[in-house]
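In full-length UniProt numbering, the protein residues as written are 1 to 148. Backbone N, C-alpha and C define an ideal beta-carbon position, used for all residues, glycine too. Notes follow the structure.
What follows is the structure, given as structure tokens:
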């Protein structure tokens, strides 16, 4: 049997290591805004959706309800989002961006865009597009296990 170093080829371990490094970079460069990349992503998605329920935001970001709620509460404490009850369903909480949240998003967006552009330019658009498609394929494979 071939001597394989499973620590070097494990899909999960490699993705986790690389995402930690990427997350640390985004967090470091976003630091002047006071936002972490997870918070920026939430604000951007809330802004894009106009208003969104906590469960729908979890589906979009592929995060569990607890993680979404914890982060949304931090954003609310900072005055970046409002949480209201859905007029059609009082059990559903709807999140909207406040004016302060919009300003914070506008402050952070150029930093995020600069990081994005640098990474994509450094690896090349074609490689980035291939990478993005590979990640989507991995996600589909993983989701197919849930359906079995």
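Just to confirm before moving on: does the CB-CB distance between residue i and residue j stay below 9 Å?
{"i": "residue 57", "j": "residue 112", "result": "no"}
{"i": "residue 97", "j": "residue 82", "result": "yes"}
{"i": "residue 35", "j": "residue 104", "result": "yes"}
{"i": "residue 39", "j": "residue 63", "result": "no"}
{"i": "residue 26", "j": "residue 115", "result": "yes"}
Count the other CB atoms within 10 Å of the CB of residue i; is the residue buried (16 or more) or exposed (fewer)?
{"i": "residue 4", "result": "exposed"}
{"i": "residue 108", "result": "buried"}
{"i": "residue 101", "result": "buried"}
Tell me where the alpha helix (DSSP H) around residue i begins and ends.
{"i": "residue 60", "result": "54–61"}
{"i": "residue 27", "result": "11–30"}
{"i": "residue 69", "result": "65–77"}
{"i": "residue 36", "result": "Taken as a continuous stretch (DSSP letters only), residue 36 belongs to no alpha helix (DSSP H), as it is neither H nor E."}
{"i": "residue 134", "result": "125–147"}
If I measure Cβ to Cβ from residue i and keep anything under 7 Å in the same chain, skipping five residues before and after, which residues do I get?
{"i": "residue 120", "result": "128"}
{"i": "residue 71", "result": "38, 39, 42"}
Beta-carbon within less than 6 Å of residue i's beta-carbon, same chain only, minus the 5 sequence neighbours each way: which residues are those?
{"i": "residue 24", "result": "none"}
{"i": "residue 14", "result": "none"}
{"i": "residue 84", "result": "94"}
Below 8 Å, is the gap between the Cβ of residue i and the nearest heavy atom of the ligand GDP?
{"i": "residue 93", "result": "Inclusion of the ligand GDP in the displayed structure is not the case, the ligand content being empty and no account of it being possible."}
Would you mind reading off the limits of the beta strand (DSSP E) that contains residue i?
{"i": "residue 84", "result": "81–85"}
{"i": "residue 98", "result": "From DSSP, residue 98 is part of no beta strand (DSSP E); its letter is neither H nor E."}
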